[in-house]
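The structure appears below as structure tokens.
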Amino acid sequence: MTAVIINGKEIASKKKAEIAQEVQKLRDLGITPGLAVILVGDNHASRTYVKNKEKTCRELGMHSILIELPETVSQEELLMKIEELNGDPAIHGILVQLPLPKHIDETKVIESISPYKDVDGFHPINIGRMMTGQDAFLPCTPYGIMVLLEESGISIEGKHVVVVGRSNIVGKPVGQLFLNQHATVTYCHSRTKDLTFHTSQADIIIAAVGIANFIKAEHVKEGAVVIDVGINRNETGKLCGDVAYDEVSEKAGFITPVPGGVGPMTITMLMFNTLKSAKNTLHS
Ligand code: NAD
């Protein structure tokens with residue numbers, strides 16, 4: 368079997384066009400969705416991500432501001448900046464680009480963002496609401512994965528989903544979203560014994576490990592759906608995922624490529640959440 372490629376770039380473009388239309392409708396009512404991104408320090412990868420977020424905001428007709436703070440900024444100054452943005456009516460979404468310098472407590476920072484503006488979906492209130500199936504800002508990468516499957520016509524109810532990785536930003540929440548949609552979910556992680564035993568039973572595998580080409584054909588059941596979250600560099604410096612694409616695509620039913628799979632969806636769902644937050648102000 369040769370897998371059907373789930374084209375994340377194409378699905379993201381379609382979703383972004385829908386978001387841009389909704390943004391225009393809100394602007395006609397006098398509300399321009401606004402995203403504030405805080406970048407602390409000068410991490411090269413973080414700067415690239417932040418620039419992309421700003422660019423996408425502009426493309427979709429949203430307002431965006433970038434607040435750059437030096438590596439040496441104190442936690443108190445950062446919290447004060449967030450407080451200011453919490454009270455700014457032109458800002459509907461606040462994102463603090465992670466990782467933060469070591470002297471800053473990431474948990475404190477995340478908890479200081481208003482849950483109503485937490486478009487990353489990392490605040491414990493949004494996580495709790497997601498867990499209990501209430502309306503919430505869903506974390507962007509997990510949410511993007513659910514949209515990829517929906518747009519590809521892949522049903523979830525009753526499926527066995529194996530999530531490899533249990534980080535707070537990808538593994539844990541994505542498993543919860545599958546559970547909310549009536550899948551049977553298994554989590555695997557660095558201390559799982561006999562990974563292949565679990566993954567080879569999966570109808571859907573989510574690879575969020577952060578190790579280049581980690582999931583091989585032997586891990587995958589014939590015809591399974593394989594979603595590759597990883598963004599890694601191989602030994603030649605080439606961008607690659609957590610899945611050994613060439614061999615796994617010969618066995619899987621559906622597969623996401625890297626690049627062009629999950630990646631484009633993450634930023635798209637950030638835009639979606641910012642729009643959602645702006646729309647919420649209509650009813651408040
Ligand atoms: P992380 O390092 O926080 O977590 C990795 C997880 O993999 C851990 O839970 C660990 O238990 C598990 N793991 C490690 N070794 C393992 C092993 N041998 N067997 C089974 N499990 C093992 O990583 P993360 O933040 O969840 O990111 C994972 C990957 O996804 C990275 O490559 C990251 O760059 C990428 N990522 C991509 C996007 C996107 O938009 N596409 C977003 C976030 C993260």
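For what it's worth, our numbering labels the leading residue of the sequence shown as 368, then goes sequentially.
Even glycine gets a Cβ: it sits at the ideal position worked out from N, Cα and C.
Note that the coordinates shown come from a computational prediction; the quantities given were computed from them, not determined experimentally.
> Measuring from the CB of Ala457, is there a heavy atom of the ligand NAD at a distance below 6 Å?
Replying inline: Counted from its first residue, the sequence shown places residue 457 at position 90. Every heavy atom of the ligand NAD is 6 Å or more from the Cβ of Ala457, so no.
> With a CB to CB cut of under 7 Å and the five nearest residues on each side skipped, what residues in its chain are close to Glu589?
Replying inline: Translated into the one-based positions of the sequence shown, residue 589 becomes position 222. Contacts found: Met368 and Lys618.
> To the nearest whole angstrom, what separates the beta carbons of Ile578 and Asn599, a pair I think is in contact under 8 Å?
Replying inline: Within the sequence shown, the letter at position 211 stands for residue 578. Within the sequence shown, the letter at position 232 stands for residue 599. Going by Cβ atoms, the distance from Ile578 to Asn599 rounds to 7 Å, so yes, they are a contact pair.
> Within 6 Å: the Cβ of Arg414 and any heavy atom of the ligand NAD?
Replying inline: Numbered from its first residue, the sequence shown carries residue 414 at position 47. No; taking the cut-off as 6 Å, the Cβ of Arg414 has no heavy atom of the ligand NAD nearer than that.
> Does the ligand NAD have a heavy atom nearer than 6 Å to the CB of Arg496?
Replying inline: Position 129 of the sequence shown holds residue 496. Set against 6 Å, the gap from the CB of Arg496 to the closest heavy atom of the ligand NAD is not smaller.
> Taking the alpha helix (DSSP H) that Gly542 falls in, what are its first and last residues?
Replying inline: Within the sequence shown, the letter at position 175 stands for residue 542. For Gly542, the uninterrupted alpha helix (DSSP H) segment begins and ends at Gly538 to Asn547.
> Is the beta carbon of Gly597 less than 7 Å from the beta carbon of Asp609?
Replying inline: For the purposes of this step, residue 597 is taken as the residue at position 230 of the sequence shown. For the purposes of this step, residue 609 is taken as the residue at position 242 of the sequence shown. Using a Cβ distance threshold of 7 Å, Gly597 and Asp609 count as a contacting pair.
> Cβ of Ala569 within 6 Å of any heavy atom in the ligand NAD?
Replying inline: Reading the sequence shown from its first residue, position 202 is the one you call residue 569. No, the Cβ of Ala569 stays beyond 6 Å of every heavy atom of the ligand NAD.
>> Using only the alpha-carbon positions, how far apart do Ser616 and Glu518 sit?
In response: For the purposes of this step, residue 616 is taken as the residue at position 249 of the sequence shown. For the purposes of this step, residue 518 is taken as the residue at position 151 of the sequence shown. In this structure, the straight-line span from the alpha carbon of Ser616 to that of Glu518 is close to 19 Å.
> Going straight from the alpha carbon of Leu396 to that of Pro456, what length do you get?
Replying inline: Here the question's residue 396 lines up with position 29 in the sequence shown. Here the question's residue 456 lines up with position 89 in the sequence shown. Cα to Cα, the separation comes out at about 15 Å.
>> Could you check whether the Cβ of Pro540 sits closer than 7 Å to any Cβ belonging to chain D?
In response: Looking at the structure shown, chain D is missing, and only one protein chain is on hand.
>> Using only CA atoms, which one of His549, Gly538 and Leu462 lies nearest to Gly322?
In response: Nothing in the structure corresponds to residue 322, since the chain is present only between 368 and 651.
> Short check: CB of Val529 to CB of Thr563, under 7 Å?
Replying inline: On the sequence shown, residue 529 is found 162 positions in, with the first residue counted as 1. On the sequence shown, residue 563 is found 196 positions in, with the first residue counted as 1. Between Val529 and Thr563, the CB-CB gap reaches or exceeds 7 Å.
> Going by beta carbon distance, what residues of the same chain come within less than 6 Å of Pro631, once the five residues before and after it are set aside?
Replying inline: As a first step, residue 631 is located in the sequence shown; it is residue number 264 there, counting from the start. So the list reads Gly375, Lys376 and Ala379, once near-sequence residues are dropped.
> What's the call for Ser557, buried or exposed, on a 16-neighbour Cβ count within 10 Å?
Replying inline: In the sequence shown, the residue the question calls residue 557 occupies position 190. Exposed: under 16 other Cβ atoms inside 10 Å.
> Just curious, the beta strand (DSSP E) that Ala574 is in, first and last residue?
Replying inline: The count along the sequence shown starts at 1 and reaches residue 574 at position 207. Start and end: Ile571 to Ala574.
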